[in-house]
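First comes the structure, then the notes that go with it.
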Amino acid sequence: MLNLVLFGPPGAGKGTQSESLVERYQLVHLSTGDLFRFNIKNQTELGVLAKSFMDQGSLVPDSVTISMLKDAVNKNPQAKGFIFDGFPRTNAQAEALDVFLTTQGTAITSMVALEVAEDELKLRLAARAKTSGRVDDANPLVIQHRIDVYNNETAPVKNYYEAQNKYNGVNGIGSISEITDRLASIIDSF
Ligand code: AMP
């Protein structure tokens with residue numbers, strides 16, 4: 010199986026690149042942000058719980074997020090592999106993912122990361138707010154908080170995969186297809 014963690018700060022282009030990679034490699038795309046938004050839209054218990062954290066730009070608690078992710082993997086028994094987008098966002102999530110994938114007889118192939126400077130992220134998220142309808146894109150204070158949460162809680166996950174020799178970063182500035190090609194040249198080397 011080809012299992013990728015697509016990593017990067019909010020606004021780095023993970024969702025956009027996932028679309029290209031899904032097509033190219035026939036993988037199942039699992040975005041925890043999308044799964045939470047689906048639950049919010051359908052007013053499930055999980056959605057109600059997640060909404061308060063998401064609207065503020067804080068992380069949803071690990072236990073909730075991890076069990077949602079496992080359910081989503083289990084719903085795709087035929088998958089050739091997965092793109093994990095927006096997960097893991099903490100070291101505890103990364104550890105839980107490793108344990109879980111081991112029980113499934115598989116593992117993470119690589120973390121591929123989109124590297125984009127903070128000023129560019131803010132510009133992109135403010136532009137996205139005009140069309141995304143996302144509460145967490147609309148408020149500059151929430152955008153700043155999401156970036157701070159990324160720096161404090163999520164960026165260390167890079168070290169987790171580096172320690173396993175699985176971290177591969179690419180420059181996240183350029184056209185969509187240029188960036189897809191950068192990612193593909195890494196993925197094709199596996
Ligand atoms: P995203 O769509 O990836 O930007 O995620 C939007 C929001 O969903 C985040 O700001 C968090 O509130 C929540 N979220 C998404 N993925 C996770 C995760 N792996 N752990 C905790 N919270 C998450």
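Note that our numbering has the sequence shown beginning at 10, numbered continuously upward. Even glycine gets a Cβ: it sits at the ideal position worked out from N, Cα and C.
DSSP on residue 122, reduced to helix/strand/coil? As a first step, residue 122 is located in the sequence shown; it is residue number 113 there, counting from the start. Of the three classes helix, strand and coil, the one that applies to residue 122 here is strand, per DSSP.
CB residue 75 to CB residue 15, shorter than 7 Å? Position 66 of the sequence shown, counted from the start, is the residue given in the question as residue 75. Position 6 of the sequence shown, counted from the start, is the residue given in the question as residue 15. Not closer than 7 Å, so no.
Should residue 172 be labelled buried (16 or more other beta-carbon atoms within 10 Å of its own) or exposed? Here residue 172 refers to the residue found at position 163 when the sequence shown is read from its first residue. Under this definition residue 172 is an exposed residue.
Touch check for the stretch 56 to 72 and the stretch 124 to 135: three-plus C-beta pairs under 8 Å? no
Would the C-beta of residue 57 count as close to the ligand AMP, meaning under 6 Å from any of its heavy atoms? Numbered from its first residue, the sequence shown carries residue 57 at position 48. No, since every heavy atom of the ligand AMP falls outside the 6 Å radius drawn around the Cβ of residue 57.
Just curious, the beta strand (DSSP E) that residue 178 is in, first and last residue? Position 169 of the sequence shown holds residue 178. Start and end: 176 to 180.
Would you mind stating whether residue 86 and residue 166 have Cβ atoms separated by less than 7 Å? Here residue 86 corresponds to residue number 77 of the sequence shown, with the count starting at 1. Here residue 166 corresponds to residue number 157 of the sequence shown, with the count starting at 1. Cβ distance not < 7 Å, so residue 86 and residue 166 don't count as in contact.
Taking all protein chains shown into account, do 16 or more other C-beta atoms lie within 10 angstroms of the C-beta of residue 33, making it buried, or fewer, making it exposed? Locating residue 33 in the sequence shown gives position 24, counting from the first residue. Flag for residue 33 reads exposed.
Nearest to residue 150 (by Cα), restricted to the options 67, 101 and 31: As a working mapping, residue 150 is identified with position 141 in the sequence shown. When only C-alpha atoms are compared, the closest one is 67.
With a CB to CB cut of under 8 Å and the five nearest residues on each side skipped, what residues in its chain are close to residue 114? For this step, residue 114 is matched to residue 105 along the sequence shown. The answer is none, since no qualifying residue turns up.
Does the beta carbon of residue 47 fall short of 6 Å from some heavy atom of the ligand AMP? The sequence position of residue 47 within the sequence shown is 38, counting from 1. Residue 47: no, Cβ never under 6 Å from the ligand AMP.
With a threshold of 6 Å (Cβ to nearest heavy atom), would residue 95 be considered close to the ligand AMP? Working through the sequence shown from its first residue, we reach residue 95 at position 86. Yes, Cβ of residue 95 sits closer than 6 Å to a heavy atom of the ligand AMP.
Could you tell me how far apart the beta carbons of residue 181 and residue 123 are, in whole angstroms, since I believe they sit closer than 8 Å? Numbered from 1 along the sequence shown, position 172 holds the residue referred to as residue 181. Numbered from 1 along the sequence shown, position 114 holds the residue referred to as residue 123. Sure, about 3 Å apart at Cβ, within 8 Å.
Just the C-alpha distance for residue 156 and residue 18, rounded to the nearest angstrom, thanks. Locating residue 156 in the sequence shown gives position 147, counting from the first residue. Locating residue 18 in the sequence shown gives position 9, counting from the first residue. Roughly 7 Å between the two C-alpha positions.
Simplified DSSP assignment, three categories, for residue 117: Working through the sequence shown from its first residue, we reach residue 117 at position 108. Reduced to three states, the DSSP call for residue 117 is coil.
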